[in-house]
Amino acid sequence: MNTAAALIPELRPLDAALVAASITVRWSLGLGEQRDVYRLVQAHGVEALVDLAARRTNPGEAPKSARYWLKVWSDLDRPAPSAPPRAPASTASYADNLAAGLALLAQKESRT
Numbered sequence: 229m230n231t232a233a234a235l236i237p238e239l240r241p242l243d244a245a246l247v248a249a250s251i252t253v254r255w256s257l258g259l260g261e262q263r264d265v266y267r268l269v270q271a272h273g274v275e276a277l278v279d280l281a282a283r284r285t286n287p288g289e290a291p292k293s294a295r296y297w298l299k300v301w302s303d304l305d306r307p308a309p310s311a312p313p314r315a316p317a318s319t320a321s322y323a324d325n326l327a328a329g330l331a332l333l334a335q336k337e338s339r340t
């Protein structure tokens with residue numbers, strides 16, 4: 229099991245920032261996973277990863293594994309779900325609908 233001492237040097241600033249934020253991590257990642265975490269550090273910065281971990285940590289909670297945090301931090305790479313932008317209705321389509329409605333109304337009135 230890796231400890232913080234076995235981290236690649238590029239992850240030491242992240243570990244130090246987590247410790248400073250009172251977030252204890254059980255570092256048990258292989259070299260490939262550590263590189264994945266480092267890519268997240270490069271993409272989002274130490275502060276963003278620590279902020280996310282702080283929001284997901286409750287005081288007195290047992291330390292979570294680095295593998296758990298890797299999955300949580302990987303969510304930063306996913307775009308936030310959003311509804312596709314709606315195209316504003318053009319005045320032509322509004323006018324067409326209005327004309328069709330008026331024509332239907334006139335047709336119903338002529339039948340009575």
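Numbering (the working numbering), first residue to last: 229 to 340. Don't be surprised by glycine CBs; every beta carbon is placed ideally from N, CA and C. From a predicted model like this one, the values you see are computed outputs, not experimental measurements.
Is it true that the CB of A294 sits closer than 8 Å to the CB of W274?
Numbered from its first residue, the sequence shown carries residue 274 at position 46. Numbered from its first residue, the sequence shown carries residue 294 at position 66. Looking at the sequence provided, one finds Val at residue 274 rather than Trp. No, these two residues do not count as a Cβ contact at 8 Å.
D324 versus K336 - alpha carbon distance:
Taking the sequence shown and counting its residues from 1, one reaches residue 324 at position 96. Taking the sequence shown and counting its residues from 1, one reaches residue 336 at position 108. Answer to the nearest angstrom: the Cα atoms are 18 Å apart.
For N230, which residues of its own chain have a beta-carbon under 7 Å away from its beta-carbon, when the five flanking residues on both sides are left out?
Here residue 230 refers to the residue found at position 2 when the sequence shown is read from its first residue. Because the pLDDT at N230 is just 47, under 50, the model does not fix this residue reliably, and the value given afterwards should be weighed accordingly. Answer for N230: W255, S256 and L257, listed in chain order.
For A249 and V278, believed in contact at Cβ under 8 Å, the rounded distance
Residue numbering aside, residue 278 sits at position 50 when the sequence shown is read from its first letter. Residue numbering aside, residue 249 sits at position 21 when the sequence shown is read from its first letter. Their Cβ separation, rounded to whole angstroms, is 5 Å, which keeps V278 and A249 in contact under 8 Å.
Given a cut-off of 8 Å, decide if L298 and V247 are closer than it, judged by their beta-carbon atoms.
For this step, residue 247 is matched to residue 19 along the sequence shown. For this step, residue 298 is matched to residue 70 along the sequence shown. Contact: no.
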